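Trainee: Read in this note's numbering, the sequence shown has -1 at position 11, and its numbers run on one by one without any break.
Idealized CB from N, CA, C, for every residue including glycine.
Note that the structure is predicted; figures quoted are calculated from it, not measured.
This structure is in structure tokens; I'll ask about it shortly.
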Amino acid sequence: MPLRIATAQSLITADVAANGQHIRALMADAKSAGAQLVHFPEGALSGYVKAQVAAWAKVDWPAIADELAKIQAMTLDLDIWVVLGCNHQLTPPNRPHNSLYVISSAGEIVTRYDKRFCSHTEITDWYSPGAEVVVFDIDGVRFGFALCIEVQFPELFAENALLGVECMLFSAYAADPMFAVLAQAHAATNNVWLSLSTPAQCGAALPSRFIGPDGYVAASAPELAAPTVVMGTIDRDDPRYDIALNKARPWRKLARDGEIYRSRAVEDPRSASRTVL
-11 MPLRIATAQS LITADVAANG QHIRALMADA KSAGAQLVHF PEGALSGYVK
39 AQVAAWAKVD WPAIADELAK IQAMTLDLDI WVVLGCNHQL TPPNRPHNSL
89 YVISSAGEIV TRYDKRFCSH TEITDWYSPG AEVVVFDIDG VRFGFALCIE
139 VQFPELFAEN ALLGVECMLF SAYAADPMFA VLAQAHAATN NVWLSLSTPA
189 QCGAALPSRF IGPDGYVAAS APELAAPTVV MGTIDRDDPR YDIALNKARP
239 WRKLARDGEI YRSRAVEDPR SASRTVL
């Protein structure tokens, strides 16, 4: 059965309460458009370091907890799942994680992904790195995660594909168009759907979008710095994706296992010598 996803392009400010209001407004828009899951950008609730967060000592963690509780209540009211970018406080003096919370349609935080590949600045001055790959399922569809600079690490996307992930939820606070190019490449090489969620202020350069398992953009926000949601559908029976899902994906799995090549290996002096014509 098809699963509808809303990729949110929310406005992120230094005001956590305002961020919560923006998030809830886009949740309502997503539900009205038929979404079962709405996916938000990096730091959507808490703000992102260097942009909205100047120092950890200035973060109002109780306000974040209060807004998160309101969002949880709304997921229950709307019967919708939410994947939400937010800093996650650890026990001092440990630095927080840069995280994505998964909130079910029952209003429960069911898991959390913590960014593993932090940038030099993040790992030096801001964050504690995560250590685990995390996946979760909705109606038999498996999802995985990536955050911002992690788009530069193809092994992360390959790892998720090996775990049976069919859709990557990629959140970024970035305005570099190359992120979209890399996202399309990861979708195409691993034959997965990919939701790329960026903040509204980055929308003119890097609009939020939903990418099919063939690597082509299925839906995109306009190139405008404005809040919106982009609607995408995961449908295994969509004829557009027959080759990607039913031919390329199983063949590449077989090829990566390597037995089809090992079983056909030859012992031939003309193969072993690399200096003869």
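(1) Measuring CB atoms only, is the stretch -6 to 2 touching the stretch 216 to 231, in the sense that at least three cross pairs come out at less than 8 Å?
(2) From the DSSP output, in three-state form, read off leucine 182 for me.
(3) Between Thr112, Met62 and Leu157, which has its C-alpha nearest phenylalanine 124's C-alpha?
(4) Checking the sheet assignment: what are the DSSP bridge partners for phenylalanine 131?
(5) Compare the Cα-Cα distances from leucine 135 to each of Gly31, Ile248 and Asp225 and report the closest residue.
(6) Just list the residues that DSSP pairs tryptophan 69 with in beta bridges.
(7) Buried or exposed, going by whether 16 or more other CB atoms sit within 10 Å of the CB of alanine 162?
(8) Based on Cα-Cα distance, which residue from Val129, Gln9, Ala171 and Glu120 lies nearest to glutamine 140?
(9) Ignoring anything shorter than 3 residues or poking outside the stretch 194 to 231, list the beta strand (DSSP E) runs there in chain order.
(10) Please confirm if the stretch 9 to 22 is in contact with the stretch 209 to 218, defined as three or more CB-CB distances below 8 Å between the two stretches.
(11) Please tell me whether proline 29 and alanine 207 are closer than 8 Å, where the distance is taken between their beta carbons.
(12) Whole angstroms are fine: how far does the CA of arginine 224 sit from the CA of proline -10?
(13) Run the CB neighbour count on lysine 103, radius 10 Å, all protein chains shown included, and call it buried at 16 or more, exposed below.
(14) Measure the C-alpha to C-alpha separation of alanine 173 and glutamate 211 and round it to an integer number of angstroms.
(15) Does the stretch 72 to 84 come close enough to the stretch 110 to 126 to have 3 or more Cβ pairs within less than 8 Å?
(16) In this structure, does DSSP put glutamine 60 in helix, strand or coil?
(17) Going by Cα to Cα distance, which pick from Tyr249, Val26 and Lys38 is closest to threonine 1?
(18) Leaving out five residues before and five after lysine 58 in sequence, what residues of the same chain have Cβ atoms less than 8 Å from its Cβ?
(19) Return helix, strand or coil for asparagine 82, following the three-state DSSP convention.
(20) What number of angstroms, rounded off, separates the C-alpha of arginine 197 from the C-alpha of glutamine 189?
Mentor: From the atom records:
(1) yes
(2) Residue mapping note: residue 182 aligns to position 194 of the sequence shown, counting from 1. Three-state result, leucine 182: strand.
(3) Reading the sequence shown from its first residue, position 136 is the one you call residue 124. It is Leu157.
(4) For the purposes of this step, residue 131 is taken as residue 143 along the sequence shown, with counting starting at 1. DSSP, once it has assigned bridges, lists Phe124 and Cys155 as partnering phenylalanine 131.
(5) Your numbering for residue 135 matches position 147 in the sequence shown. Per the Cα distances, Gly31.
(6) Position 81 of the sequence shown holds residue 69. Beta-bridge pairing links tryptophan 69 to Leu25.
(7) Counting from 1 along the sequence shown, the entry for residue 162 is found at position 174. Label assigned to alanine 162: buried.
(8) Position 152 of the sequence shown, counted from the start, is the residue given in the question as residue 140. Selected option, being the one with the closest Cα: Ala171.
(9) 197 to 199, 205 to 208 and 216 to 222
(10) yes
(11) Residue numbering aside, residue 29 sits at position 41 when the sequence shown is read from its first letter. Residue numbering aside, residue 207 sits at position 219 when the sequence shown is read from its first letter. No; because the gap between Cβ atoms is not below 8 Å, this pair is not in contact.
(12) If you number the sequence shown from 1, residue -10 lands on position 2. If you number the sequence shown from 1, residue 224 lands on position 236. Going by the C-alpha atoms only, they are around 7 Å apart.
(13) Walking along the sequence shown from the start, residue 103 turns up at place 115. That one is buried.
(14) Residue mapping note: residue 173 aligns to position 185 of the sequence shown, counting from 1. Residue mapping note: residue 211 aligns to position 223 of the sequence shown, counting from 1. Near 21 Å, if we compare the C-alpha coordinates of glutamate 211 and alanine 173.
(15) yes
(16) Taking the first residue of the sequence shown as position 1, residue 60 is located at position 72. If DSSP states are grouped into helix, strand and coil, glutamine 60 belongs with the helices.
(17) Taking the first residue of the sequence shown as position 1, residue 1 is located at position 13. The candidate whose alpha carbon is nearest that of threonine 1 is Lys38.
(18) The residue given as residue 58 occupies position 70 in the sequence shown. Same-chain partners within the cutoff: Gly8 and Arg12.
(19) Taking the sequence shown and counting its residues from 1, the one referred to as residue 82 is at position 94. It is coil, neither helix nor strand.
(20) Within the sequence shown, residue 197 is the residue found at index 209, counting from 1. Within the sequence shown, residue 189 is the residue found at index 201, counting from 1. Going from the Cα of arginine 197 to the Cα of glutamine 189 covers about 15 Å.
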